[in-house]
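Q:
Chains as they are written, first to last, in our numbering: chain A, 1 to 657; chain B, 658 to 1314.
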């Protein structure tokens, strides 16, 4: 164990003074957590965390996730102190200002060195579990032939709020189940929340709770560096369980209002900032100033990380060429060159097949070809068709499989997948029923915001699922996912569109939602426009009528079109699997496919909201508005909501009348 | 303790045979849980649960929530067996058929005697906590002057899946914190989930987990009636903690595939149904048949509940007239006759005030007048302005307050509020940031589906919240709430619209979302159309231009309109706080306010999705599309996204050019 000196304590205080100066300059922000956890974080950096401030992309770095993202001045201070070139002092001075690299909450897509975007409480806990799964999975694959390419820890700083959120329970339970021995949560146990003392609403025995999940638990004085170091060392010795270190901290330590909810957020005023600096033994008048000796000390810590990175690079050279090539391909996220050829083709003369089943067949093909793919489901494996042929499941102590049994934990699944995607070397996909996308919406949003390449597999995509009824039948989910910026939603109409959708999902850099049917759908005669978001499955050069649909309603429109054509009408049937991809097309292409002066009938088994944008004033909607679904066999449900070829014909003729 | 006889066992088997006959006839459904929990439920009904099958609305009945809603044949069988007039045998024969009273998952708005709508796992756990809070809160208010008007238990049947969902952790933690002594969860601990044995993903020590939350825990053999009775009796003796009874059950008990994931769902086939009936000692050939003696026994259990109801009604007569009148008003949900007069009026000459702050002032007025109102917040009380003046908080052992400290548990808060609303006697409201409505979306949906009168208070409603940045700034939330059937979303433009919105929220029978600003907004000169969903704040009989906005963008449009009018233009400014209320108006009124042949500029700090429906082809949108927000001070953020009067003018003139 180390002795900690005045320099060590002053180095921790540097985090505090930078935090206070930034928050007070911005007149906005949350000083409480960084001030409370400065000592813990200092010990972590000095003795444990290996990152390279000069190259934040070092693949084998330890990951530090600040789940309590409101404490964003903690990671920003650490980046500056350790010498990250992307975080000069000027950026700390521009904390929470427009276009700065120091936004209110940490955003990985904005700031180099930030691992994940956090702020909505709980999210970082699930991200950290995903990162630890990614580490263990990649280690199984790449630590062999005498080399150890992947061997890092994942640390997360979590708050009372994080641990109250349901997703933290789900994530912790999953982590305990899988025995993630390199995962350590540093719990900022400061007994204060926004409303006041946590005792207002929170009286769990946290250590007991985590032991019930299979974690190792420790408690330390967050301001006793030796105590912290001892706990972090002990955590290293526990290799078959994650570790929770409860750090008994004083929120806003050093501020006159330390230890109260008033120290959590908002600028304390310069007088209080000065008082805090005095309590640290720092110059009360110096602003954004770190003494030379202290900065040099921090830079040396940063340099040690750079040296560790260099050593790892040397070690990488020892790897056999083939293993190294595989590793580098995994890091880059290479896809097979022959992806198109590899995708299964479904013959239109074959019998109808549910798009979820087609998706399963696509995965049977793709998963062996793309070693980065790591699948899973929130306990709906047989329904989601997400388990590829012969794929094993990850188990405590054996991560050689290709599949994660997430349990009925949709939110943690999504958050863990985001963590894997942002870890790198993994392209995660995971399934649940489409209706339950609601449970993971905060994580889908964070994937969209942070650009995580996560693939969400949503089956049972409409009232067409039948008997399970309204609680399971999506009505508004398509519309509400389409409302989310940065997410590509794809609802393929048949098996071949499903294969094309998977190709797009793999090629996109951000998150993709695949929305798949429970029921069998006929295979369309033609399929060449999924990448454009919409295309004519059945065309007429001078259509009198547009039938526009997605997913299961495209086949319905094809049936109706035949009846309409038999009556002498000129009909174009447009399959529109993705609004987002269609919106990327130029205006000419969009107008050519969907001319606004042609009457249009939109057919989709969900709310009409948003469709008006794609049609002119002469349009009608065979959709489900103002009500939820119904529990009954498929045919009865479809009849109830008017999804029959006859009704499409009737509505179309009424539109043209 | 009782002796249990063959008749008792046969009575439990009646649940099983009805379940099997219904599932097999429908060729769809989930027999596993009802077969596994039949013995437990029988004991519960025989010795503990007091409900009146003849009058499901008896206010002081015990509540039984089937959180594992896929096991819907359990409550349907119980309703039939105890003689509920709304559940004849014909309805069991029509299980999962169109328009039956026996949909796939239990729906309280369809079936008399079902307490809450369940199916999405975990939801019932939070509902049950809300019901138990409602009971304890109302008991504090109405058990006095020598009478005990409220004194019931709340039971919930929960599955492995329920306990994996994050919301169950949140709900259990809250229940333990509040010491809800009349809450009992019956955990169907069958060790099987859809993917297979729960050991695939779930290895928690459940009893330890619940003890960490402050629960009393017990474990029983779910098929040993004496053991079950003993545990239920013990639970009654624990009055300061909720109780978890882990019922070690065999899923699908009696089926040849009992104890495996194949017994969870789907029809087992008539051969297996017959085999199961043989194992129960029942006639394998009889279908939908309950022996006379057994049915009579069940009906006697039902009759005992009716007698208990009668006794309670007698007891109610003993209450002092004033108390009784108050009680009956609470049950009816009476509002003050003078609601309009009671609402505060905000003078347009007063300085701007945030709608969240106006909401706080409205609550200061309303809460003392409406004793049914029970407020709360997910640890954002000072930000949400949800705590009325002088209101105390509910505490373990003291439920005399008017406010629940939910902790950072948005999902459980929403689910608990739904439970309170469906319990009756309580109109719950609860606050969080609008962005975090995502966390509670499954519960908002269930409120909308089941018609729960829950009031969601969402503050910090746009990028206008400023520095906290994209993780906290709603962009797509308005659109995604508007997509949900059955929910009224209101985004008032000023303090007076906020007061009107609260009035509507109280008068609606279903859920309402109030979407409120963080930043101060000017008080509009006029305010007389919130109830119609939209109205002209500034009118012109023959407008050349419509400016349509909601919330904070209405004031902006007013400023822009002045500039446009100064240029000689005829402008109508429409405030549109609620799409749903506007859609209830007739077509003539809608077209008169928003004529489609007048150019329109929609101004809203969120995605444009859905607005196209309300404007003609000559329209433009000053909205936020294709990106998330930005972290910066308010003025900089608004400028970045173009929400300035100058830009509204520019866009308007471009539209007219």
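For glycine and all other residues, C-beta sits at the position ideal for the given N, C-alpha and C. All values derive from a computational prediction rather than experimental measurement.
Under 8 Å between C-beta atoms, does residue 1285(B) make it to chain A?
A: Indexing the second chain from 1 puts residue 1285(B) at position 628. Yes, its Cβ sits closer than 8 Å to a Cβ of chain A.
Q: Residues of the region 406 to 428 of chain A in Cβ contact with chain B at a cutoff of 9 Å, in chain order, please.
A: Of all residues in the region 406 to 428 of chain A, 406, 407, 408, 409, 410, 411 and 412 have a Cβ within less than 9 Å of some Cβ in chain B.
Q: Enumerate in chain order the residues of its own chain whose CB-to-CB distance from residue 743(B) is below 8 Å, with the five nearest sequence positions on each side excluded.
A: By 1-based counting over the second chain, the position of residue 743(B) is 86. 713, 736, 758, 768, 769 and 770, listed in sequence order.
Q: Going by C-alpha distance, which of 903(B), 853(B) and 856(B) is nearest residue 877(B)?
A: Taking the second chain and counting its residues from 1, one reaches residue 877(B) at position 220. Out of 903(B), 853(B) and 856(B), 903(B) has the C-alpha closest to the C-alpha of residue 877(B).
Q: Hey, would you say residue 458(A) sits closer than 8 Å to residue 513(A), going by beta carbons?
A: As a working note, residue 458(A) is residue 458 in the first chain. As a working note, residue 513(A) is residue 513 in the first chain. Yes, the Cβ-Cβ distance between residue 458(A) and residue 513(A) is below 8 Å.
Q: Chain D partners of residue 484(A), CB-CB under 7 Å?
A: Looking at the structure shown, chain D is missing, and the protein chains on hand are A and B.
Q: Would you mind telling me which residues of chain A sit closer than 7 Å to residue 1270(B), beta carbon to beta carbon, in chain order?
A: Translated into the one-based positions of the second chain, residue 1270(B) becomes position 613. By Cβ distance, chain A contributes 612.
Q: Decide yes or no for the touch test of the region 458 to 474 of chain A against the region 624 to 638 of chain A: beta carbon pairs closer than 8 Å, at least 3 of them.
A: Touching, yes, given that three or more Cβ pairs across the two stretches are closer than 8 Å.
Q: Do the CB positions of residue 572(A) and residue 538(A) come within less than 8 Å of each other?
A: Residue mapping note: residue 572(A) aligns to position 572 of the first chain, counting from 1. Residue mapping note: residue 538(A) aligns to position 538 of the first chain, counting from 1. Contact flag set, yes.
Q: Give, in chain order, every residue of the region 163 to 189 of chain A whose Cβ lies closer than 8 Å to some Cβ of chain B.
A: Against chain B - using a Cβ distance shorter than 8 Å - the residues of the region 163 to 189 of chain A are 164, 165, 166, 167, 168, 169, 170, 173, 174, 176 and 177.
Q: Specify the secondary structure class of residue 457(A) as computed by DSSP and reduced to three states.
A: Position 457 of the first chain, counted from the first residue, corresponds to residue 457(A). Looking at residue 457(A) - three-state DSSP - the assignment turns out to be strand.
Q: In chain B, which residues lie less than 9 Å from residue 632(A) when you measure between Cβ atoms?
A: If you number the first chain from 1, residue 632(A) lands on position 632. Under the 9 Å cutoff, chain B gives 753, 754, 755, 756, 757, 760 and 761.
Q: Measuring straight from C-alpha to C-alpha, what distance separates residue 1031(B) and residue 281(A)?
A: Mapped onto the second chain, residue 1031(B) falls at position 374. Mapped onto the first chain, residue 281(A) falls at position 281. Computed Cα separation, rounded: 48 Å.
Q: Name the residues in the region 1 to 23 of chain A whose C-beta lies less than 8 Å from a C-beta of chain B; which are they?
A: Going along the region 1 to 23 of chain A in chain order, one finds no residue with a Cβ nearer than 8 Å to chain B.
Q: Are the beta-carbon atoms of residue 14(A) and residue 81(A) separated by less than 8 Å?
A: One-based indexing of the first chain puts residue 14(A) at position 14. One-based indexing of the first chain puts residue 81(A) at position 81. In contact: residue 14(A) and residue 81(A) (Cβ atoms closer than 8 Å).
Q: Which value, in whole angstroms, describes the spacing of the CA atoms of residue 120(A) and residue 1093(B)?
A: For the purposes of this step, residue 120(A) is taken as the residue at position 120 of the first chain. For the purposes of this step, residue 1093(B) is taken as the residue at position 436 of the second chain. About 7 Å.
Q: How many whole angstroms separate the CB atoms of residue 145(A) and residue 311(A), which I take to be in contact at a CB cut-off of 8 Å?
A: Within the first chain, residue 145(A) is the residue found at index 145, counting from 1. Within the first chain, residue 311(A) is the residue found at index 311, counting from 1. Actually they are not in contact, since the Cβ atoms of residue 145(A) and residue 311(A) sit about 18 Å apart, beyond 8 Å.
Q: Short of 9 Å Cβ to Cβ, which residues in the region 207 to 220 of chain A face chain B?
A: From the region 207 to 220 of chain A, only 207, 208, 209, 210, 211, 212, 213 and 214 have a Cβ closer than 9 Å to chain B.
Q: Got a sec? Which residues, its chain only, sit under 6 Å from residue 812(B) by beta carbon, not counting five neighbours each side?
A: The count along the second chain starts at 1 and reaches residue 812(B) at position 155. Contacts found: 721 and 841.
Q: By the 10 Å Cβ neighbour count, where 16 or more other Cβ atoms means buried, how is residue 397(A) classified, buried or exposed?
A: Within the first chain, numbered from 1, the residue matching residue 397(A) stands at position 397. The residue is exposed, with fewer than 16 neighbouring Cβ atoms inside 10 Å.
Q: Just checking: is the beta-carbon of residue 239(A) within a distance shorter than 8 Å of some beta-carbon in chain B?
A: Along the first chain, read from residue 1 onward, the residue named residue 239(A) stands at position 239. So, not an interface residue.
Q: By the criterion of Cβ-Cβ separation under 8 Å, what are the contact partners of residue 1264(B) in chain A?
A: Numbered from its first residue, the second chain carries residue 1264(B) at position 607. Residues of chain A passing the Cβ test: 483 and 485.
Q: At a CB distance below 7 Å, what residues from the region 906 to 927 of chain B approach chain A? Give them in sequence order.
A: Flagged: no residues at all.
Q: So the candidates are 260(A), 259(A), 286(A) and 264(A); which of them puts its Cα closest to the Cα of residue 270(A)?
A: Taking the first residue of the first chain as 1, we reach residue 270(A) at position 270. Of the candidates 260(A), 259(A), 286(A) and 264(A), the one whose C-alpha sits nearest the C-alpha of residue 270(A) is 286(A).
Q: Please look up how many angstroms separate the CB atoms of residue 779(B) and residue 833(B), rounded, as I've assumed it's under 8 Å.
A: Walking along the second chain from the start, residue 779(B) turns up at place 122. Walking along the second chain from the start, residue 833(B) turns up at place 176. So it is not a contact: roughly 16 Å between Cβ atoms.
Q: With a cut-off of 8 Å, does the C-beta of residue 350(A) fall near any C-beta of chain B?
A: Numbered from its first residue, the first chain carries residue 350(A) at position 350. No, no contact with chain B.
Q: If you compare alpha carbons, which of 187(A), 277(A) and 152(A) is closest to residue 163(A)?
A: The count along the first chain starts at 1 and reaches residue 163(A) at position 163. It is 187(A) whose Cα lies nearest to the Cα of residue 163(A).
Q: Over what stretch of residues does the beta strand (DSSP E) that includes residue 814(B) continue unbroken?
A: Locating residue 814(B) in the second chain gives position 157, counting from the first residue. Taken as a continuous stretch (DSSP letters only), the beta strand (DSSP E) holding residue 814(B) covers 811 to 816.
Q: Which whole-angstrom value is the C-beta distance of residue 355(A) and residue 494(A), which I expect to be below 8 Å?
A: As a first step, residue 355(A) must be located in the first chain, where it is residue number 355. As a first step, residue 494(A) must be located in the first chain, where it is residue number 494. Residue 355(A) to residue 494(A), Cβ: 7 Å. Contact.
Q: Any idea if residue 974(B) is buried or exposed, counting beta-carbon neighbours within 10 angstroms, 16 or more meaning buried?
A: Position 317 of the second chain holds residue 974(B). With fewer than 16 Cβ atoms within 10 Å of its Cβ, residue 974(B) is classed as exposed.
Q: With 16 as the cutoff for other CB atoms within 10 Å, does residue 1007(B) come out buried or exposed?
A: Here residue 1007(B) refers to the residue found at position 350 when the second chain is read from its first residue. So residue 1007(B) ends up on the exposed side.
Q: Reducing DSSP to helix, strand and coil, say where residue 42(A) ends up.
A: For the purposes of this step, residue 42(A) is identified with residue 42 of the first chain, where counting begins at 1. The answer is helix: DSSP assigns residue 42(A) an H, G or I state.
Q: Applying the criterion that 16 or more other CB atoms from any shown protein chain within 10 Å of the CB defines a buried residue, is residue 1238(B) buried or exposed?
A: As a first step, residue 1238(B) must be located in the second chain, where it is residue number 581. The residue is buried, with at least 16 neighbouring Cβ atoms inside 10 Å.
Q: Since residue 152(A) meets chain B, which of its residues come closer than 9 Å, beta carbon to beta carbon?
A: If you number the first chain from 1, residue 152(A) lands on position 152. Here the premise fails: no neighbours, minimum Cβ distance about 25 Å.
Q: What does DSSP give as the partner residue(s) for residue 1047(B) in the beta ladder?
A: For this step, residue 1047(B) is matched to residue 390 along the second chain. DSSP, once it has assigned bridges, lists no residue as partnering residue 1047(B).
Q: Can you name the start and end residues of the beta strand (DSSP E) that residue 904(B) belongs to?
A: Taking the first residue of the second chain as 1, we reach residue 904(B) at position 247. Its beta strand (DSSP E) spans residues 900 to 905.
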